[in-house]
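Q: What follows is a single structure, and I will ask about it in a moment.
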Amino acid sequence: MTDDEVKLFRELMADATPLDQEERVAEARPKPRPVARFTREDEARALKESLDADVETMELDNHESLHFRRAPVGRSTMRKLARGRFAVQAEIDLHGMTVAEARPRLADFIDYALLRGHRCVRVIHGKGKGSGARGPVLKAAVNRWLRRWDSVLAFVSARQADGGTGAIYVLLDRG
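Residues 0 to 174, numbered by numbering that gives the first Met the number 0, are exactly what the sequence shown covers, in order.
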């Protein structure tokens, strides 16, 4: 503080009198007890809702995540798939390919995985950052193609460690 500021402060406080000890203690009020905002019932209900929530509602806050499931695939299976709990038995990396190149490669890969009896595979389609204003062209195409194949039971965007929204886990029908 400057000398002028100190002088001004002292002038303004000239007629102030300090509180004596008794007044200070009387002014101190005990803090109110915290009040629980949620009951045990509320917490139990929230837990049940989170466990029952469809994986579609559990997506990250962006709209880039892909997800699909056929009727026989339950919610718990989708949660397990989304969490990467299925062993990925094979993978294909399509990113950087054109749509014309990628479709036959993906079809061959799915056929190969089915012949091998694989249950879960990973498809890396990329995030479409090289597509510019068109958006993720290959990602959208993979999304359409997989929905059309009866042997694909479900798919969901991968965990961040496995490619995030640039890859998907695909659950296949083995029989």
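Quick reminder that beta carbons are idealized off the backbone N, C-alpha and C, glycines included. Just so you know, these numbers come straight off a predicted model, no measurement behind them.
To the nearest angstrom, how far is it from the Cα of R147 to the Cα of V155?
A: 15 Å
Q: For the alpha helix (DSSP H) containing A139, name the first residue and the last one.
A: 136-147
Q: Give me whichever residues DSSP pairs with S156 in a beta bridge.
A: I167
Q: Helix, strand or coil: which one does DSSP assign to F67?
A: Three-state DSSP puts F67 in a strand.
Q: Any idea if A157 is buried or exposed, counting beta-carbon neighbours within 10 angstroms, 16 or more meaning buried?
A: buried
Q: I need the DSSP call for A101, collapsed to helix, strand or coil.
A: helix
Q: CB-CB under 8 Å to V98, same chain, minus the five flanking residues each way: which ones, in chain order?
A: V136, L137, A140
Q: Between which two residues does the beta strand (DSSP E) containing G122 stretch?
A: Reading off the sequence shown, one finds Val at residue 122, where the question assumed Gly. That run of the beta strand (DSSP E) goes 119-123.
Q: Any idea which residues DSSP pairs I91 with across the strands?
A: V122
Q: What is the DSSP secondary structure of V72, reduced to helix, strand or coil?
A: coil
Q: Do L171 and L80 count as a contact pair if the criterion is CB distance below 7 Å?
A: no
Q: By how many angstroms is the C-alpha of R32 removed from the C-alpha of T164?
A: Taking the straight line from one Cα to the other gives about 46 Å.
Q: Whose CA, out of R44, A160, D2, F67, lies closest to the CA of R84?
A: A160
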